[in-house]
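Trainee: Quick mapping for you: the protein sequence lines, in order, are chains B and X. The working numbering puts the first residue of the first sequence at 2, with every later residue one more than the last. The working numbering puts the first residue of the second sequence at 97, with every later residue one more than the last.
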Amino acid sequence: MKQEEINDKGRRDFLKTAAVAAVAATACGSLACSCTSKKPTTGEKIKLLSPEGEIVEVDSAYLNHQEHMAIVSKLEARQGIAGKKFVMVVDLSRCKNARKCITACQKWHYRPEETEWLTVKLLKDSEKGAPYWFPKQCFHCDNPPCVKVCPVDATFKRQDGLVLIDNERCIGCKFCMAACPYSTRVFNWNDPVIPAEIEEQQYSAETGIPAKVGTVEKCDFCPDRSREGLLPPCVDACPNGVFYFGDENEDTVTNGEETISFTQLIKDRSGYRFMEELGTKPRVYYLPPKDRQFPVERGYENLPDTLKARFKDIMEPEKSKS
Amino acid sequence: MELTTYQQEALDRQKPSLEKFGKKTWAWTIFYVLWIVVGGYALYLQISKGHGVTGMRDNVVWGLFIVNFIFFIGLSYAGAIIAGLLHLSKVPWGKPIIRLAQMMTIISVIVGPIFILLCVGRFDRIYHLFLYPRLQSPMTWDVLAIMTYFVGSILFLYLALLRDFAVYRDAKLGIPKWKQKLYGFFANGYRGTASQKRHLLLSENLMAIIMIPLSIIVSSILSWIFGMTLRPGWHSTIFGPYFVLGALYSGCGVLICAMWMYRRTHKLENYFTEKHFVYLGYVMMVLAAGYGYFTFSEYFTSWFGSEKWDNEVINKLFNPKEYGWWTLSPTSLASWSRLSLLPSVNYAGQT
Numbered sequence: 002m003k004q005e006e007i008n009d010k011g012r013r014d015f016l017k018t019a020a021v022a023a024v025a026a027t028a029c030g031s032l033a034c035s036c037t038s039k040k041p042t043t044g045e046k047i048k049l050l051s052p053e054g055e056i057v058e059v060d061s062a063y064l065n066h067q068e069h070m071a072i073v074s075k076l077e078a079r080q081g082i083a084g085k086k087f088v089m090v091v092d093l094s095r096c097k098n099a100r101k102c103i104t105a106c107q108k109w110h111y112r113p114e115e116t117e118w119l120t121v122k123l124l125k126d127s128e129k130g131a132p133y134w135f136p137k138q139c140f141h142c143d144n145p146p147c148v149k150v151c152p153v154d155a156t157f158k159r160q161d162g163l164v165l166i167d168n169e170r171c172i173g174c175k176f177c178m179a180a181c182p183y184s185t186r187v188f189n190w191n192d193p194v195i196p197a198e199i200e201e202q203q204y205s206a207e208t209g210i211p212a213k214v215g216t217v218e219k220c221d222f223c224p225d226r227s228r229e230g231l232l233p234p235c236v237d238a239c240p241n242g243v244f245y246f247g248d249e250n251e252d253t254v255t256n257g258e259e260t261i262s263f264t265q266l267i268k269d270r271s272g273y274r275f276m277e278e279l280g281t282k283p284r285v286y287y288l289p290p291k292d293r294q295f296p297v298e299r300g301y302e303n304l305p306d307t308l309k310a311r312f313k314d315i316m317e318p319e320k321s322k323s
Numbered sequence: 097m098e099l100t101t102y103q104q105e106a107l108d109r110q111k112p113s114l115e116k117f118g119k120k121t122w123a124w125t126i127f128y129v130l131w132i133v134v135g136g137y138a139l140y141l142q143i144s145k146g147h148g149v150t151g152m153r154d155n156v157v158w159g160l161f162i163v164n165f166i167f168f169i170g171l172s173y174a175g176a177i178i179a180g181l182l183h184l185s186k187v188p189w190g191k192p193i194i195r196l197a198q199m200m201t202i203i204s205v206i207v208g209p210i211f212i213l214l215c216v217g218r219f220d221r222i223y224h225l226f227l228y229p230r231l232q233s234p235m236t237w238d239v240l241a242i243m244t245y246f247v248g249s250i251l252f253l254y255l256a257l258l259r260d261f262a263v264y265r266d267a268k269l270g271i272p273k274w275k276q277k278l279y280g281f282f283a284n285g286y287r288g289t290a291s292q293k294r295h296l297l298l299s300e301n302l303m304a305i306i307m308i309p310l311s312i313i314v315s316s317i318l319s320w321i322f323g324m325t326l327r328p329g330w331h332s333t334i335f336g337p338y339f340v341l342g343a344l345y346s347g348c349g350v351l352i353c354a355m356w357m358y359r360r361t362h363k364l365e366n367y368f369t370e371k372h373f374v375y376l377g378y379v380m381m382v383l384a385a386g387y388g389y390f391t392f393s394e395y396f397t398s399w400f401g402s403e404k405w406d407n408e409v410i411n412k413l414f415n416p417k418e419y420g421w422w423t424l425s426p427t428s429l430a431s432w433s434r435l436s437l438l439p440s441v442n443y444a445g446q447t
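Take a look at the structure:
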C-alpha cells in the first residue's frame, strides 16, 4: 500500500480493514481457515494485510465491517509483534536539523507543535569538540528505568522490544518522567486538542490516539505502521536518510532508500548507544558524526528565533553570555 | 476509675477547653477553613484547566507538591521515632512530649498524602494503585509503607489515649451525653486494674519497638523514590539515612514550635517547662550536626570527583543566583543555634 493512501481519510478506512483482518485471524487461527468454511461466496476478492504482515485475498462475504475498532486487542498491544525486535540506527553525519522528522511525527500522532516526542538537540561533547545535531526519540531501552518505576503497569516492555504507554491505565504520577534519564517523556498538562477525525477512534496503546489529559506519552516507534509493513513517519520524512529502522532478528535496517545489515552498519561505522554507562541498554544506535554531509550551521541559520534560542549557548556563545 | 492527683490536676486544667468551644477557637477554626476554601478554589482551577496552571512542566514534574509531601511525611516519621524513643527510655520529662509527638505523627501522615493526590495527573484513577499494583515500583513500596505506618501510628496513639478516654468517661464533665458515650466506647472497658495496666504497658512497649524501625524503613522508602532514579544528584546511596536524619531534624523543630504554641494556648507551662525546650534544643543541635555532615559529604564527594553530570548539579546549586539554595542551607543548619545555644535568652522570660 502506498503512503499517500495512509494519510488522513485513507488511514481510517485502512484501520477498519486491518481490524477485520485481525478479528478474522484470531477467530479462526488463520485467514485460510476462514475461507474454507461453508458460507456462500460473492466472488469479490478483497486484499487484506494479515497480522503476519502478508497480503492475503479474502472473499468479501467473510468480512463484517465493524466501526471504530482498535487495530489490535489490548492484550496484543501489550504483548507486541511476535518474532520482531525493533531497532533504530541514527546516522549523525547526515543530520542537518531539517526538522522534517519532527513535523511528520506530530502530524501522524496528531500532536501540537509544542509537543515533540522526537526532538533534535545540539550536542557538543567537549570544550573544543565540534557541535553536531542529535535527533533524540524514545530509546525503547531493554532495561527501561521508566517501566521499573511505574506503579500501575501503565508503561510496559513488549516482546518486540518496544516500551509503550497505556494512557487508559496511567494515573499521571510522572514517576516515569523522573526516572527516564533521557527526559524523553512528555505529559499532557492541559486538555489536548483532539481533531474531529480522530475524536471517535478507539484508543490503543499502539497508536497513542487520542491523547488524554493528565497522562504521560512518548515516542512509540509506530508499531501500528510496522503492522502495516510501513516505516515510522520520521524515517520516511527525513530528506537525508538519517534514520534506519528495522528488525534486529532479521538483522536488517532501512532508511527507505537503502536496506543494509544492521550488524555490518554498526561494525563499519562504529555505532554506539547514547549514555551507555547508565546500563539502560537502548534500542537506538548512533553512528558518529564523522565525514559530515552538512556544516552544522545549516541547521541553525534558517530557524525561527524561538528555536534558535535553544541552541544559542553553543552556536553563539559570545552573544548568549551577554 | 480513681484518679491520681496528677490526673485530677490535669483534668481540672483541661475542663474548660473540653466543655466549650471558645470564641478564640471558633476564630481560628474559621481562619483555617478560609484557607481550605482558598485551596479548594485552586483545586477547582487545576481540575477545570488541567495541571498546566501549577506552572510545572516536563522538566519539573513534581514541584512543590512533592516538597510538601516529603516535609509532612518526614514530620510524621520523626514524631513516631521521638515518641518511641522517649517511651522506651522512660525519661520522666519525656511524657508530655510523647503525646504531642504522636499527635504530630497522625496529623502529618494524613496531611502529607493529600499533596500526592493533588499532584497526580489522573486523580480519578487513583484506585489503579490497588487494582493493578506493581511491586517492582518504589511508588508501590511507598503506598504500602505509608498505609502500614498510618495504621501503626493510629494504634500507637490510641494505646496512649486509652487511659485518657477512661478518665473522661468517668469524670463529671459538662458535655453532651453522646460525647460521654463516645469516650466510653473508645475507653473500651479500661478500668485501670493491675492486669489491664500491665497489658497496656506491654502493648505500648511493643508498638514503640515496632514504630521506630518502621519509621526508619518507610522514611528510607520515601527517599528511594528519588534515589532509585538515574538522575544525577538524586541517584545517591546516602539518600536513605539522609532522609531519616532530615525528617528527625525538621520533626524536632516542628515539635519545639508545637510545644511553644500548646504552652501558650492551653496554659501548659507546668508540663512544657524550659527544660523541655533546652533538651529538645540539644537534640536538634546533634541532628543539625549530623544533617550538616551528610550534606557536606554528599556534595563534597561529588564536587571532588567532579564527574560530568555531578558537576552540572554542583554548578547549578552553588551558583550565586540560586537564592533558594543559599537561603535553605545556611538557615536550616543555623536554626538550632537559636533554639539550643541561646535557650536562656529565648525561653527564660516566658513563664
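Cβ coordinates follow ideal geometry from the N, Cα and C atoms, glycine included.
#1: Using 10 angstroms around the beta-carbon of B:Q160, count the other beta-carbons present and answer buried if the total reaches 16, otherwise exposed.
#2: Counting only the same chain and skipping the five closest in sequence on each side, list residues whose C-beta sits under 8 Å from that of B:V148.
#3: Quick one, which residues of the segment 171–183 of chain B are near chain X if we go by CB-CB under 7 Å, in chain order?
#4: Tell me which same chain residues have a C-beta within less than 7 Å of the C-beta of X:A106, skipping the five on either side of it?
#5: Just to confirm the assignment, what range does the beta strand (DSSP E) spanning B:E58 have?
#6: Along the chain, which unbroken stretches of the beta strand (DSSP E) at least 3 residues long are found entirely within the segment 128–170 of chain B?
#7: Return the chain-ordered list of same chain residues with a C-beta closer than 6 Å to the C-beta of X:S315, the five sequence neighbours on each side being excluded.
#8: Listing by chain order, which chain X residues have their CB less than 7 Å from the CB of B:L50?
#9: Could you give the residue range of the alpha helix (DSSP H) that holds X:I352?
#10: Closest Cβ-Cβ distance between X:S233 and chain B: below 7 Å?
#11: Assign X:K293 to one of two classes, buried (16 or more other C-beta atoms within 10 Å of its C-beta) or exposed (fewer than that).
#12: Below 8 Å between beta carbons is the criterion; list the residues of the segment 138–167 of chain B that meet it against any residue of chain X, in chain order.
#13: Short of 6 Å in beta carbon distance, which residues of its chain neighbour X:S319, apart from the five on each side in sequence? Order them along the chain.
#14: Is the Cβ of X:T333 closer than 7 Å to any Cβ of chain B?
#15: Alpha carbons only, please: which of X:F396, X:V239, X:Q232 and X:P192 is nearest the one belonging to B:C151?
#16: Within the same chain, show all residues whose beta-carbon is closer than 6 Å to that of B:C36, passing over the 5 residues directly before and after it, in chain order.
#17: Output, in chain order, the set of chain X residues within a Cβ distance shorter than 9 Å of B:W190.
#18: Examine chain B for any beta-carbon lying closer than 7 Å to the beta-carbon of X:Y228, and answer yes or no.
#19: Taking the alpha helix (DSSP H) that X:M243 belongs to, which residues open and close that run?
#20: Listed in chain order, which residues of the segment 203–219 of chain B have Cβ atoms closer than 7 Å to some Cβ of chain X?
#21: Between the beta-carbon of X:G148 and the beta-carbon of B:W118, is there less than 7 Å?
#22: Count the other CB atoms within 10 Å of the CB of X:T281; is the residue buried (16 or more) or exposed (fewer)?
#23: So, is B:Y273 buried or exposed, given that buried needs 16 or more other C-beta atoms within 10 angstroms?
#24: Got a sec: is the Cβ-Cβ distance from X:T325 to anything in chain B below 7 Å?
#25: Is the CB of B:I315 under 7 Å away from at least one CB in chain X?
#26: B:V187 versus chain X: which residues are under 9 Å apart at the beta carbon?
#27: Residues in the same chain with beta-carbon distance under 7 Å from B:D167, minus the five sequence neighbours each way, listed in chain order, please.
#28: Would you mind reading off the limits of the alpha helix (DSSP H) that contains X:V409?
#29: X:L182 and X:I194: beta carbons closer than 7 Å?
#30: Got a sec, what are the start and stop residues for the beta strand (DSSP E) B:I47 sits in?
#31: Count the other CB atoms, across all protein chains shown, that sit within 10 Å of the CB of B:V91; report buried if there are 16 or more and exposed otherwise.
#32: Does any CB atom of chain X fall closer than 7 Å to the CB of B:L76?
#33: Using the rule of at least 16 other Cβ atoms within 10 Å of the residue's Cβ for burial, across every protein chain shown, is X:M357 buried or exposed?
#34: So that I know if they touch, is there some Cβ in chain X lying closer than 7 Å to that of B:L308?
#35: Could you give the residue range of the alpha helix (DSSP H) that holds X:L214?
#36: Drop a sphere of 10 angstroms on the beta-carbon of B:Q202, count the other beta-carbons inside from all chains shown, and report buried for 16 or more, exposed for fewer.
Mentor: Checking against the coordinates, here is how it stands:
#1: Along the first sequence, read from residue 1 onward, the residue named residue 160 of chain B stands at position 159. Under this definition B:Q160 is an exposed residue.
#2: Here residue 148 of chain B refers to the residue found at position 147 of the first sequence. Only T156, F157, K158, V164 and C177 meet the Cβ criterion.
#3: C171, I172, G173, C174, K175, F176, M178, A179, A180 and P182
#4: Along the second sequence, read from residue 1 onward, the residue named residue 106 of chain X stands at position 10. Excluding residues within five positions, none has a Cβ falling inside 7 Å.
#5: One-based indexing of the first sequence puts residue 58 of chain B at position 57. Here the beta strand (DSSP E) through B:E58 covers I56 to D60.
#6: 133–137, 156–158 and 164–166
#7: Residue numbering aside, residue 315 of chain X sits at position 219 when the second sequence is read from its first letter. Hits under 6 Å: Y173, F339, V340 and A343.
#8: Counting from one through the first sequence, the residue named residue 50 of chain B turns up at place 49. Those do not exist, as B:L50 stays about 32 Å from chain X at its closest Cβ, beyond 7 Å.
#9: Sequence index remark: in the second sequence, residue 352 of chain X carries index 256 (1-based). Taken as a continuous stretch (DSSP letters only), the alpha helix (DSSP H) holding X:I352 covers F335 to H362.
#10: One-based indexing of the second sequence puts residue 233 of chain X at position 137. Yes - at least one Cβ of chain B is within 7 Å of the one on X:S233.
#11: Stepping through the second sequence from its first residue, residue 293 of chain X is reached at position 197. Under this definition X:K293 is an exposed residue.
#12: P146, K149, V150, C151, P152, V153, D154 and A155
#13: As a position in the second sequence, residue 319 of chain X is number 223, starting the count at 1. For X:S319, where only same-chain residues beyond five positions count, the Cβ hits under 6 Å are F335, G336 and F339.
#14: Residue numbering aside, residue 333 of chain X sits at position 237 when the second sequence is read from its first letter. Not closer than 7 Å to any Cβ of chain B, the Cβ of X:T333 fails to qualify, so no.
#15: Taking the first residue of the first sequence as position 1, residue 151 of chain B is located at position 150. Of the listed residues, the one whose Cα sits closest to B:C151 is X:Q232.
#16: Here residue 36 of chain B is taken as the residue at index 35 of the first sequence, counted from 1. Residue confidence is low: B:C36 scores 43 on pLDDT, short of 50, so the model does not pin down where it sits. Its coordinate-derived value is still stated next. Around B:C36: no qualifying Cβ.
#17: Counting from 1 along the first sequence, the entry for residue 190 of chain B is found at position 189. Simply G146, H147, G148, V149, T150, M152, R153, D154 and G217.
#18: As a first step, residue 228 of chain X must be located in the second sequence, where it is residue number 132. By this cut-off, X:Y228 is an interface position.
#19: Reading the second sequence from its first residue, position 147 is the one you call residue 243 of chain X. Unbroken alpha helix (DSSP H) run through X:M243: P234 to D266.
#20: V214, G215 and T216
#21: Position 52 of the second sequence, counted from the start, is the residue given in the question as residue 148 of chain X. Position 117 of the first sequence, counted from the start, is the residue given in the question as residue 118 of chain B. Their beta carbons are not under 7 Å apart, which means X:G148 does not touch B:W118 by this criterion.
#22: As a working mapping, residue 281 of chain X is identified with position 185 in the second sequence. Per the sequence presented here, residue 281 of chain X reads as Phe, with Thr not at that position. Exposed, by the Cβ-count rule.
#23: Taking the first residue of the first sequence as 1, we reach residue 273 of chain B at position 272. By the neighbour-count rule (16 or more Cβ atoms within 10 Å), B:Y273 is not buried but exposed.
#24: Taking the first residue of the second sequence as 1, we reach residue 325 of chain X at position 229. Yes, its Cβ sits closer than 7 Å to a Cβ of chain B.
#25: In the first sequence, the residue the question calls residue 315 of chain B occupies position 314. So no, B:I315 is outside the interface.
#26: To locate residue 187 of chain B, count along the first sequence from 1; it is residue 186. Residues of chain X passing the Cβ test: D154.
#27: Position 166 of the first sequence holds residue 167 of chain B. Counting only Cβ-Cβ distances below 7 Å, and skipping sequence neighbours, we find A155 and A206.
#28: Numbered from its first residue, the second sequence carries residue 409 of chain X at position 313. Run containing X:V409: K404 to L413, per the alpha helix (DSSP H) assignment.
#29: Translated into the one-based positions of the second sequence, residue 182 of chain X becomes position 86. Translated into the one-based positions of the second sequence, residue 194 of chain X becomes position 98. Yes; because the gap between Cβ atoms is below 7 Å, this pair is in contact.
#30: Taking the first residue of the first sequence as position 1, residue 47 of chain B is located at position 46. Taken as a continuous stretch (DSSP letters only), the beta strand (DSSP E) holding B:I47 covers K46 to L50.
#31: On the first sequence, residue 91 of chain B is found 90 positions in, with the first residue counted as 1. So B:V91 counts as buried.
#32: Taking the first sequence and counting its residues from 1, one reaches residue 76 of chain B at position 75. Chain X contact via Cβ: absent.
#33: Within the second sequence, the letter at position 261 stands for residue 357 of chain X. So X:M357 ends up on the exposed side.
#34: As a position in the first sequence, residue 308 of chain B is number 307, starting the count at 1. Not an interface residue.
#35: In the second sequence, counting from the first residue as 1, residue 214 of chain X sits at position 118. Start and end: K191 to C215.
#36: What you label residue 202 of chain B is simply residue 201 of the first sequence in a count that begins at 1. By the 10 Å Cβ count, B:Q202 comes out buried.
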